[in-house]
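In what follows, a single structure is set out as structure tokens and then discussed.
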Amino acid sequence: MDGFLYETHMHTSEASACASNTGAEMARAYKMAGYAGIIITDHFFYGNTAVDRNLPWGQWVERFCLGYEHAKEEGDKIGLQVFFGWESCYSGMEFLVYGPDKKWLLEHPEIRDATVAEQMKMVHEDGGIISQAHPYREAWYIKEIRTYPDYVDAVEGVNASHSSLEKEERHPEYNDRALDYAKKHNLPLTAGSDQHSVRMLHGGMVFPRKLSDIHDFGRAVLNREAVRLLDGTERYM
Numbered sequence: 054m055d056g057f058l059y060e061t062h063m064h065t066s067e068a069s070a071c072a073s074n075t076g077a078e079m080a081r082a083y084k085m086a087g088y089a090g091i092i093i094t095d096h097f098f099y100g101n102t103a104v105d106r107n108l109p110w111g112q113w114v115e116r117f118c119l120g121y122e123h124a125k126e127e128g129d130k131i132g133l134q135v136f137f138g139w140e141s142c143y144s145g146m147e148f149l150v151y152g153p154d155k156k157w158l159l160e161h162p163e164i165r166d167a168t169v170a171e172q173m174k175m176v177h178e179d180g181g182i183i184s185q186a187h188p189y190r191e192a193w194y195i196k197e198i199r200t201y202p203d204y205v206d207a208v209e210g211v212n213a214s215h216s217s218l219e220k221e222e223r224h225p226e227y228n229d230r231a232l233d234y235a236k237k238h239n240l241p242l243t244a245g246s247d248q249h250s251v252r253m254l255h256g257g258m259v260f261p262r263k264l265s266d267i268h269d270f271g272r273a274v275l276n277r278e279a280v281r282l283l284d285g286t287e288r289y290m
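Mapping of the sequence shown onto my numbering: position 201 corresponds to residue 254, and the numbering continues sequentially without gaps.
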């Protein structure tokens, strides 16, 4: 198969309480699975973070970025691109944020308590984009399904944790609803695995070219450059 495969949604144990493996371990697993690059999207302040919320903001950010930094260090050694993002949470509804970096977080402590609209404005001002993660997922921590077509740049239409053959329980209908929603509102798509361990779910986005950085990824999403969205029902090698 031609193209460059990128993971857009994944977690590390350094910063996500629900993750099982470190950033470095994740990087090695993705390299072996044939990925060109990964985007670390650990759970942010009001999500399932592994970082103590009682820490001063600067210390919290330093700890929060460790998973990315460890993955980046390993990726540089083994030839895997590693980009930075995060997954913000609003009472169960989650958003994948792509663009701002660690320096930006340190300079913008107000992002911690920003509303969805405020977050969107801040991220846009830095040239970033936001994709609503798994908008139709049903789970104990999601009290109600809420969509934000006027606030997001894209929709995670395919989340491999819903459909991967590696999962014992699958709900591909969650992806079907997300794809229909994106089509209805003419929103660009993202696709990721929502990976929490080195057991590959084989999701992600295939682009016809190698991406240069996280902002290039954002442009590629908005320009709808992806040639394939993987749902975990096949392996891309």
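For every residue, glycine included, the Cβ atom is placed at its ideal position computed from N, Cα and C.
Inspect the beta-carbon positions of Asn101 and Ala70 and report whether they are closer than 8 Å. Yes, the pair counts as a contact, with Cβ atoms nearer than the cut-off.
Beta-carbon separation (whole angstroms), Val211 vs Leu282, contact threshold 8 Å: Between the beta-carbon of Val211 and that of Leu282 there is about 5 Å, and that keeps the pair under the 8 Å contact cut.
Reduced DSSP category for Ile164 - H, G, I as helix; E, B as strand; rest coil: Helix at Ile164.
From the DSSP secondary-structure annotation, give me the bridge partner or partners of Met63. The partner list for Met63 (beta bridge, DSSP) reads Gln248.
Buried or exposed by the 16-neighbour rule on C-beta atoms within 10 Å, applied to Tyr99: Burial call: exposed.
Could you check whether Tyr151 and Ile182 sit closer than 8 Å to each other, using their CB atoms as the reference points? The answer is yes: Cβ separation under 8 Å.
Return helix, strand or coil for Val176, following the three-state DSSP convention. Three-state result, Val176: helix.
What is the C-beta distance between Asp206 and Trp139, in whole angstroms, given that I count them as a contact (C-beta under 8 Å)? Contact between Asp206 and Trp139 does not hold, since their C-beta atoms are separated by about 15 Å, which reaches or exceeds 8 Å.
Look up Leu242 in the DSSP assignment and give the residues it is bridged to. Paired residues: Val208.
Considering only their Cβ atoms, is the gap separating Val259 from Ala279 smaller than 8 Å? Yes, Cβ-Cβ distance for Ala279 and Val259 is below 8 Å.
Cβ neighbour criterion (16 or more within 10 Å) applied to Asn276: Exposed, by the Cβ-count rule.
Top-ranked residue by Cα proximity to Arg272, from Leu218, Gly257, His177, Lys236: Taking only the C-alpha atoms, the option nearest Arg272 is His177.
Take Tyr121 as the anchor and find which of Asn107, Ser66, Thr168 has the nearest alpha-carbon. Among Asn107, Ser66, Thr168, the Cα nearest to that of Tyr121 belongs to Ser66.
Between Arg199 and the rest of its own chain, which residues show a CB-CB distance below 6 Å, the 5 nearest in sequence each way excluded? Cβ within range, chain order: Met146.
Mark Trp193 as exposed unless 16 or more other C-beta atoms lie within 10 angstroms of its C-beta, in which case mark it buried. By the neighbour-count rule (16 or more Cβ atoms within 10 Å), Trp193 is not buried but exposed.
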